[in-house]
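Scroll down for the structure; my scribbles are underneath it.
Numbering (the working numbering), first residue to last: 120 to 399.
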């Protein structure tokens, strides 16, 4: 039997396993099994919370298809909540080791429990070679890419995970992401596949987005994706640096600040759903 917790950040739900106490031998296979919403627990993937010799704890993220991700913005807030609520850390400021480096979290607490967090997500990566993208130059801003015969203007950003941000005039609610999402994910420009955000600009502080995540398909929310969208909105002169940008996702809102030093700050909720045990 394996103990687990189900948690979500604005609808982006994962199964969390405390690997200070549990051992998970084959997380890639386990992620596929438990993520299935009909035959498993149901989630966007699996997150392991492990000891670290570099930070207060370490997180590993596995998508619903078993592939390992570098980073998860909504997931790291829940890791912070879990660590605080379960006494792994006893202070509201903590550090978490990820595959894309150490991230720093400040928790919002209420009645002795964490309810949300602000995460220093580090600096946005804009150079195509580092995203990675099969493109030259120092950045890839509002450049044309073709998917299923239609040309879109895309901006490439990495927040630990590669992102392709597409601003659209048409209502993103009308998009058939099941039809086009996979072709964006596997586009030849992105050798490691890509998460794609489709965005409507509502005003100079408010954006609405839908996201197709590599390895998971459309999800209710994506924290690194919201950060990438905020960065792209500044680069495309829709929004301003050092100001709060409210990102509206299917599962709720995130507040992002893209600072002039290139650092991105993300604030949002972290919610515990239930605890359980599963027979492996």
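Quick reminder that beta carbons are idealized off the backbone N, C-alpha and C, glycines included.
In this text the structure is predicted, and so the values were computed from the model without any measurement.
Check whether the Cβ atoms of residue 389 and residue 126 lie closer than 8 Å to each other.
Their beta carbons are under 8 Å apart, which means residue 389 touches residue 126 by this criterion.
Please tell me whether residue 286 and residue 361 are closer than 8 Å, where the distance is taken between their beta carbons.
If you check the CB distance, residue 286 and residue 361 do not come in under 8 Å.
Selected residue, minimal CA-CA separation from residue 299, among 281, 329 and 267:
A check of alpha carbon separations from residue 299 across 281, 329 and 267 identifies 267 as the nearest.
Which residue or residues does DSSP assign as beta-bridge partners of residue 75?
It is not possible to answer for residue 75, since the shown part of the chain is limited to 120 through 399.
Pick from 375, 367 and 135: whose alpha carbon is nearest that of residue 129?
Here the closest residue by C-alpha is 367.
Pair within 8 Å by beta-carbon distance, residue 171 and residue 216:
Taking the C-beta atoms as reference points, residue 216 is found nearer than 8 Å to residue 171.
Within its chain, find whatever has a CB closer than 8 Å to the CB of residue 378; leave out the 5 residues flanking it on each side and keep chain order.
The beta carbon of residue 378 is closer than 8 Å to those of 360, 361 and 384 in its chain, skipping five residues each way along the sequence.
In angstroms with no decimal places, state the Cα-to-Cα distance between residue 382 and residue 307.
C-alpha separation (whole angstroms): 29 Å.
Rounded separation between residue 363 and residue 310 - CA only
The alpha-carbon atoms of residue 363 and residue 310 are separated by roughly 32 Å.
Exposed or buried, what is residue 200 when buried is set at 16 or more other beta-carbons lying within 10 Å of its beta-carbon?
Buried, because 16 or more other Cβ atoms sit within 10 Å of the Cβ of residue 200.
For residue 286, write down the residues that DSSP places opposite it in a beta bridge.
Looking at the DSSP assignment, residue 286 forms a beta bridge with 318.
Count the other CB atoms, across all protein chains shown, that sit within 10 Å of the CB of residue 204; report buried if there are 16 or more and exposed otherwise.
Residue 204 is buried by the Cβ-count criterion.
For the beta strand (DSSP E) holding residue 269, just list the boundary residues, first then last.
Where residue 269 is concerned, the enclosing beta strand (DSSP E) starts and stops at 269-277.
Residue 319 to residue 175, Cα distance in whole Å?
Answer to the nearest angstrom: the Cα atoms are 38 Å apart.
Give the single residue among 160, 398, 288 and 148 whose Cα lies nearest to the Cα of residue 271.
The option with the nearest alpha carbon to residue 271 is 288.
In this structure, does DSSP put residue 157 in helix, strand or coil?
Assignment of residue 157 by DSSP, reduced to helix, strand and coil, places it in the coil class.
Do residue 250 and residue 277 have their C-beta atoms within less than 8 Å of each other?
Taking 8 Å as the Cβ cut-off, residue 250 and residue 277 qualify as a contacting pair.
Can you find the residues in the same chain that come closer than 7 Å, C-beta to C-beta, to residue 149, ignoring five residues on each side of it along the sequence?
Apart from the 5 residues on each side of it in sequence, residue 149 sits with its Cβ closer than 7 Å to the Cβ of 143 and 165 in its chain, given in chain order.
Taking DSSP as the reference, what is the three-state secondary structure of residue 188?
Residue 188 falls in the strand class under three-state DSSP.
Thinking C-alpha only, which one of 357, 151 and 351 is nearest residue 181?
Residue 151 is the option with its Cα nearest to residue 181.
May I ask you to list the residues that DSSP assigns as paired with residue 178?
Residue 178 has 168 as its beta-bridge partners, per DSSP.
Whole runs of the alpha helix (DSSP H) within the stretch 342-387, excluding any shorter than 4 residues:
As far as the stretch 342-387 is concerned, its whole alpha helix (DSSP H) runs of at least 4 residues are 342-354.
Would you mind stating whether residue 224 and residue 236 have Cβ atoms separated by less than 8 Å?
Judged by their CB atoms, residue 224 and residue 236 are nearer to each other than the 8 Å cut-off.
Between which two residues does the beta strand (DSSP E) carrying residue 395 extend?
First-last of the beta strand (DSSP E) with residue 395: 390-397.
Distance check for residue 398 and residue 353, CA to CA, integer angstroms please.
Straight-line Cα distance between these residues: approximately 48 Å.
Between the CA atoms of residue 263 and residue 273 - distance to the nearest angstrom:
Residue 273 and residue 263 have their C-alpha atoms spaced approximately 6 Å apart.
What is the DSSP secondary structure of residue 124, reduced to helix, strand or coil?
Correct three-state label for residue 124: strand.
Between residue 194 and residue 323, what straight-line distance do the alpha-carbon atoms span, to the nearest angstrom?
If I take the Cα positions, the gap works out to 27 Å.
Between which two residues does the alpha helix (DSSP H) carrying residue 296 extend?
For residue 296, the enclosing alpha helix (DSSP H) starts and ends at 296-304.
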